[in-house]
Structures are given as structure tokens and as C-alpha cells.
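Data block below; observations after.
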Ligand code: ADP
Ligand code: ADP
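Numbering (this note's numbering), first residue to last: -8 to 227.
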């Protein structure tokens, strides 16, 4: 197994409140890693330390280190650059109030791609990878808000894929979705994991058991168990 992220003695405080306590773990490439545990135990906070979303909150203090491919992401990497390599999908599908096409083309355009034929290719490839192309190819100019929640979430995944990240962070990506859409996202995650390492926060133990290779249990800011999902779930 190839290590993608190595986390050493990570502590995180919101003001005086310690939300993460001495996290030590290695997260592997080409796998789905699930973070599970009760509400408020720090899963989402930890996920956001991996792409430095916490930089945006002023009260946050972090000690310890996280490296990605051996490079310290807080000391030796620019946060903006990091976020193009580590994409994120949220609990609530959050397409921008613009067309499906413009949602997916958004990231590439920010990176300076202007040529229509190139953008067309990226949009088609990303929507295909997100298993939503067939459903939306005839309405790319329609608002991304005009489709179902499950479709919106796959459009959001396509928007993330369009920036060609190495890692995709998913923060409870299916908790706002119906069971069929949930299974579609799970299949999709399984298909994408080889090319894009995936870390998924979920409340749902069964979901972690179904799709993840590694599982980390969080409890009040600590990782209390971490290992192969099969072994953890087969335990008596
Ligand atoms: P989980 O994702 O496991 O539900 P969170 O990471 O969202 O947990 O929250 C962990 C703890 O940190 C909770 O007690 C939460 O209230 C607190 N917390 C999260 N974000 C902030 C913030 N911006 N400021 C202060 N406390 C926060
Ligand atoms: P999520 O589980 O996706 O993090 P939450 O509902 O826990 O969503 O948090 C929504 C927002 O509120 C986040 O930006 C989080 O950092 C912030 N937040 C959560 N708990 C607290 C808290 N105790 N004090 C201040 N901000 C908080």
C-alpha cells in the first residue's frame, strides 16, 4: 500500500476547545477510507484539515503535521494549490446557480482554460466519470438546480473531477439523498477510488462496511480504532 497522507500528532483547537487529539494515521492511495463515529466527534473537522478548509476559520489552531506524498501541506504547500489536488464534495448537493455545463467548466475556466472545444471535452469526460452524462447530455444549458438531488450530487462530483484532483474528500455525501441515489454514489466512489483516493465521512456503518477499504472510528476527537474494514467489521 502506498501512503498518500501521513498524519503525525495532530491536535486542533477551536479557540480553547480541543476538537482533535493526537491523531496519528496513514491514509493510503487508491483506496476508500471511511471516517465513522457519532455526531460532533471531529470527523468533519479532520476531513477539513486535509485540504486546509480550516484555514478559513480564524479561531483554529493546529499543531502536529500532515504530509501529502511526503510534503508538509501546512508548511510547504500553498492552500489554493492543495485544494486543486484535494477536491471536496459536501453533504448538501451545492451546485452553483448556473447551467450544468458552467458548473463543470467552472474549475477549468479558473485555471485559464478558455477554448470551447477543450472545455466541451472536459465537461463530457467529467460528467461521464460521474455517471451522469446520459441523464443530462441533452440539457447541459439548463440550470443545475433543475435536476434531482441525486443528480445534483453527481454534477457536484463531476465539477470536482473536472479539476483533476488526486484525492476526493466526501463529507456525508449521501445523507441528503434517497436510497437509489445513495447506491449510485457508492458505486461511483468504488469506481473512482483507484484513480482518485477517496476519504468519506459517514454516519452510516453499513455504508462504511459496503464501500470502504479502511475504516477509522472517531470518538470525542480521537481515532479509537483504525484498520482494514473487513477485519474491523468481521470482529465478534
Ligand atoms: P462531526 O463531523 O464528527 O460531526 P465536527 O468535526 O463537525 O464533528 O465537530 C467536532 C466538534 O468541534 C464539535 O463539538 C463541534 O461543535 C466543534 N466545532 C466544529 N466546527 C467548529 C467551529 N467552527 N468553531 C467551534 N467549534 C467547532
Ligand atoms: P458539518 O457536519 O458539515 O461540519 P455542521 O453542521 O457540523 O456541518 O457545521 C456547519 C458549520 O458550522 C461549519 O462551518 C462548522 O465549522 C461550524 N460549526 C460547527 N459547530 C460549531 C460551533 N460549536 N461553533 C462554531 N461553529 C461551529
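Idealized CB from N, CA, C, for every residue including glycine. As the structure is a prediction and not an experimental result, all values here were calculated from the model.
With 16 other Cβ atoms within 10 Å as the buried cut-off, status of residue 143: buried
Quick one, which of 102, 32, 16, 112 has its alpha-carbon nearest residue 76's? Residue 102 is the option with its Cα nearest to residue 76.
Where do the N-terminal and C-terminal ends of the alpha helix (DSSP H) with residue 220 fall, by residue? Residue range 220 to 225 is occupied by the alpha helix (DSSP H) that includes residue 220.
How long is the line joining the alpha carbons of residue 180 and residue 130, rounded to whole angstroms? 24 Å
With DSSP collapsed to three states, give me the class of residue 26. The answer is strand: DSSP assigns residue 26 an E or B state.
Helix, strand or coil at residue 9 [DSSP, three-state]: strand
Could you pull out every residue in the same chain whose Cβ sits closer than 6 Å to the Cβ of residue 113, ignoring the five residues on either side in sequence? 99, 153
If we ignore side chains and look at the alpha-carbon of each, how far apart do residue 79 and residue 192 end up? 11 Å
Let me know the secondary structure DSSP gives residue -7 once reduced to three states. coil
Could you give the residue range of the beta strand (DSSP E) that holds residue 210? The continuous beta strand (DSSP E) containing residue 210 extends over residues 205 to 210.
With contact counted as at least three CB pairs below 8 Å, one residue from each stretch, are the stretch 85 to 95 and the stretch 34 to 52 in contact? no
Can you check which of these residues, 23, 54, 19, 21, is closest to residue 10 by C-alpha distance? 54
How many angstroms separate the CA atom of residue 167 from the CA atom of residue 187? 23 Å
Proximity to residue 30 [Cα-Cα], best of 224, 156, 211: 211
Segments assigned alpha helix (DSSP H), at least 4 residues, entirely inside the stretch 50 to 136: 70 to 76, 91 to 101, 107 to 120, 124 to 127
For a quick check, are the C-beta atoms of residue 196 and residue 27 less than 8 Å apart? yes
Between the alpha carbons of residue 90 and residue 123, how many angstroms are there, rounded? 15 Å
Would you report the Cα separation of residue 71 and residue 190, rounded to the nearest angstrom? Approximately 19 Å, taken between the alpha carbons.
Cβ of residue 40 versus every heavy atom of ligand 1: is any distance shorter than 7 Å? no
If we count the other Cβ atoms within 10 Å of its Cβ and call it buried at 16 or more, is residue 117 buried or exposed? buried
When every heavy atom of ligand 1 is checked, does at least one fall within less than 7 Å of the C-beta of residue 52? For residue 52, the CB stays at least 7 Å from every heavy atom of ligand 1.
Output the distance between the C-alpha atoms of residue 132 and residue 147, rounded to the nearest integer angstrom. Cα to Cα, the separation comes out at about 16 Å.
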